[in-house]
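Colleague: Dropping a structure here in structure tokens format, bear with me for questions.
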Amino acid sequence: MVGDPIPLRVDSCGKRTVSFEVRAPVAYFQNMEAIRGHVYRLKPTREQEVLLAQTAGVVRLVYNLALEQRRTWGGRPYGGGASRNFGARGMSGELSDLRKAFSWIGSVSQTAQNQALIDLDRAYANFFEGRAGYPKPRKRNVHDVFRHVGREISIRRLNSRWSEVRIPKIGWIRYRDCRTLRKMGDGRLNIRNATIRRVAGGGWEISIATRCEIAERPVPEACIGVDRGVAVPYALSTGQLEHLPGSVEKRDATIRRAQKQLSRRRRGSQRHAKARRRLARLKARDARARAHTAHVLARRLANEHGMVAIEDLRIRNMTRSARGTMEEPGKNVAQKAGLNRAILNVGWFGFERMLAYKLEESGGVLVKVPAAYTSQACAACGHVDAGNRDSQAIFSCTSCGAAANADVNAAKIILSLALDPDRYRRGSTPLLDVEGKAQAPCEASTRSLGERLDAVAWERENPGPSGPGRC
1 MVGDPIPLRV DSCGKRTVSF EVRAPVAYFQ NMEAIRGHVY RLKPTREQEV LLAQTAGVVR
61 LVYNLALEQR RTWGGRPYGG GASRNFGARG MSGELSDLRK AFSWIGSVSQ TAQNQALIDL
121 DRAYANFFEG RAGYPKPRKR NVHDVFRHVG REISIRRLNS RWSEVRIPKI GWIRYRDCRT
181 LRKMGDGRLN IRNATIRRVA GGGWEISIAT RCEIAERPVP EACIGVDRGV AVPYALSTGQ
241 LEHLPGSVEK RDATIRRAQK QLSRRRRGSQ RHAKARRRLA RLKARDARAR AHTAHVLARR
301 LANEHGMVAI EDLRIRNMTR SARGTMEEPG KNVAQKAGLN RAILNVGWFG FERMLAYKLE
361 ESGGVLVKVP AAYTSQACAA CGHVDAGNRD SQAIFSCTSC GAAANADVNA AKIILSLALD
421 PDRYRRGSTP LLDVEGKAQA PCEASTRSLG ERLDAVAWER ENPGPSGPGR C
């Protein structure tokens, strides 16, 4: 089992180290509904590929026209001076007139075009609420995507491997089946919508969003800490190191050669377009391999643990460019750019997002702790010192002499901080009385997982002010 317990130890000074005790499950996760997406690669005929591209192009045009109209006339008198509603409902009538005036627009599903107007409404809502920037026009070969509502989508099985999906105005398109969507024939899943998009390097895929019931299940009380890194993508407090597949490293070398080959092609030529498509296919395959690794690990952690602790990393700030300005140029720009690429390639935020929703579905909780000094604190005695790190991979405490893998030690510190959040309310960061260098050891929490989940829920509803030493 992944969560095998590490026995509680007592050192020569009588101090306890971190205890990762695996208890029997005592809580049960009640039934709930969730929306899940299932992505499949479509196998259209050549005629269907033309129709898919035509639909995506018309939907992109409708989106860009609505954006231009809203950007030009939004907030100003329109026509005779009367104000106009530039939302999806207000513009649906104008869309009907546009479809009548141009037959090639009317030949494409109106539902997909209405969904583009709804997307624009959501983009403006995100902008005004501060979640995103101002909406931008969609580009060809970048935003070739359209969506249909669930009532217009039909699915039928052909055999044990293949099924077909019916897309309005296009027809039945084959795709590889899976065991999850086979339940649709029993009525246990209903389709909310289906999004069709062009994938990098050519081809099309469909993402089917379904509403499903998650059955009641026991919530394990095992807890685990995860440290995210670059050399070792994921280190667990149980001592396991999770690496990316070996095929990813081999493919990285192939991608570099493909990039060099693309740079030698003349822009606008057929050979340049061919090299660009090949590079896009390699990068897409690489991204799928990384996402698969993250999905598998996140699912395993969610199934076997009731609480998973990670660092609260500001990834956007960590991957910000160090180039600077003309007046104040940055330092070590090339090294920082390489580190940024490595962080983004591992996909820290994607793994965090996967882990969050998988834990929510299984009744667990994701706890994020401050990242300060987690790589310098000793899990055996609590001593904090930059000299504890002999190298990137080796941790050797200068106080008690304990030696361990640096990433595993950091994962244990992360878990200990998550198990005892009450220390944050004492006005200082738990392990960090940095001036004296004499730290409290990472002691195990005596609270049950149920009490821990209640505390996390209370903290979310009642966020307290930051203390003087809080990170």
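With UniProt numbering applied, the sequence shown covers 1 to 471.
For glycine and all other residues, C-beta sits at the position ideal for the given N, C-alpha and C.
Owing to the predicted nature of the structure, the values given are computational and were not obtained by experimental measurement.
Take every Cβ of the stretch 376-387, pair it with every Cβ of the stretch 200-217, and state whether three or more of those distances are shorter than 8 Å.
Modeller: Taking 8 Å as the limit for Cβ pairs, the verdict is that the stretch 200-217 does not touch the stretch 376-387.
Colleague: Is L313 helix, strand or coil by DSSP?
Modeller: Looking at L313 - three-state DSSP - the assignment turns out to be coil, as it is neither helix nor strand.
Colleague: In whole angstroms, what separates the C-alpha of R151 from that of W104?
Modeller: Whole-angstrom Cα-Cα distance: 24 Å.
Colleague: Please say whether V165 and A116 have beta carbons closer to each other than 7 Å?
Modeller: No, they are not a contact pair.
Colleague: Kindly indicate the opening and closing residues of the beta strand (DSSP E) around S154.
Modeller: Looking at the DSSP string, the run of the beta strand (DSSP E) that includes S154 is S154 to R157.
Colleague: Count the other C-beta atoms from every protein chain shown that fall within 10 angstroms of the C-beta of W348, then say buried if there are 16 or more, exposed otherwise.
Modeller: Classification of W348: buried, given that the 10 Å Cβ count is 16 or more.
Colleague: So, under 8 Å CB-CB, D177 and R192 are touching, yes? Tell me the CB distance rounded to an integer number of Å.
Modeller: Incorrect: roughly 20 Å between the Cβ atoms, too far for contact.
Colleague: From E304 to A406, what does the alpha carbon distance come to, in whole angstroms?
Modeller: Those two C-alpha atoms are separated by around 24 Å.
Colleague: Pull up the distance between the alpha-carbon of Q259 and that of L279, whole angstroms please.
Modeller: When rounded, the distance between both Cα atoms is 7 Å.
Colleague: Report the three-state DSSP secondary structure of S207 (helix, strand or coil).
Modeller: Strand, per DSSP.
Colleague: Would you call the stretch 43-62 and the stretch 124-133 in contact, with 3 or more CB pairs under 8 Å?
Modeller: Segments in contact, no.
Colleague: Could you pull the start and end residues of the beta strand (DSSP E) that K368 belongs to?
Modeller: Here the beta strand (DSSP E) through K368 covers V365 to V369.
Colleague: Express the C-alpha separation of Y124 and R99 in angstroms, rounding to a whole number.
Modeller: Between R99 and Y124, the C-alpha separation is close to 24 Å.
Colleague: DSSP has C167 in a bridge; who is on the other side?
Modeller: The residue asked about is misnamed: residue 167 is Ile in this sequence, not Cys. I167 pairs with G171.
Colleague: Between which residues of its own chain and R290 is the CB-CB distance below 6 Å, once the five residues before and five after are set aside?
Modeller: Once the five neighbours on either side are set aside, the close Cβ partners of R290 are G347.
Colleague: What are the boundary residues of the alpha helix (DSSP H) that includes E197?
Modeller: Per the sequence shown, residue 197 should be read as Arg rather than Glu. It is not in any alpha helix (DSSP H) - R197 instead sits in the beta strand (DSSP E) that spans N190 to R198.
Colleague: In whole angstroms, what separates the C-alpha of W69 from that of F102?
Modeller: Here residue 69 turns out to be Gln, not Trp, going by the sequence shown. Rounded to the nearest angstrom, the two C-alpha atoms are 18 Å apart.
Colleague: Considering only the beta carbon of each residue, do Y175 and Y40 sit closer than 7 Å?
Modeller: It is a contact, given that the beta carbons lie within the stated cut-off.
Colleague: Who are the near neighbours of G37 in its chain, counting only those whose CB is closer than 6 Å to its CB and skipping five residues on each side?
Modeller: Taken in chain order, the residues that qualify are S207 and A209.
Colleague: Could you pull the start and end residues of the alpha helix (DSSP H) that N141 belongs to?
Modeller: From DSSP, N141 is part of no alpha helix (DSSP H); its letter is neither H nor E.
Colleague: Taking 7 Å as the threshold (beta carbon to beta carbon), is R161 in contact with chain D?
Modeller: Of the chains in the structure shown, none is chain D; there is only one protein chain.
Colleague: Compute the Euclidean distance between the alpha carbons of P220 and I35, then round it to the nearest angstrom.
Modeller: The alpha-carbon atoms of P220 and I35 are separated by roughly 23 Å.
Colleague: Hey, how far is the Cα of V230 from the Cα of G338?
Modeller: Approximately 11 Å between the Cα atoms of the pair.
Colleague: How far does the beta strand (DSSP E) with R147 in it reach, from first residue to last?
Modeller: From DSSP, the beta strand (DSSP E) with R147 extends over V145 to V149.
Colleague: Would you please state the rounded distance, in angstroms, between the beta carbons of A56 and V199? I believe it to be under 8 Å.
Modeller: With 8 Å as the limit, A56 and V199 do not qualify as a contact, their Cβ atoms being about 12 Å apart.
Colleague: In the DSSP output, which residue or residues are listed as bridge partners for F395?
Modeller: Answer is R389 and A404, bridged to F395.
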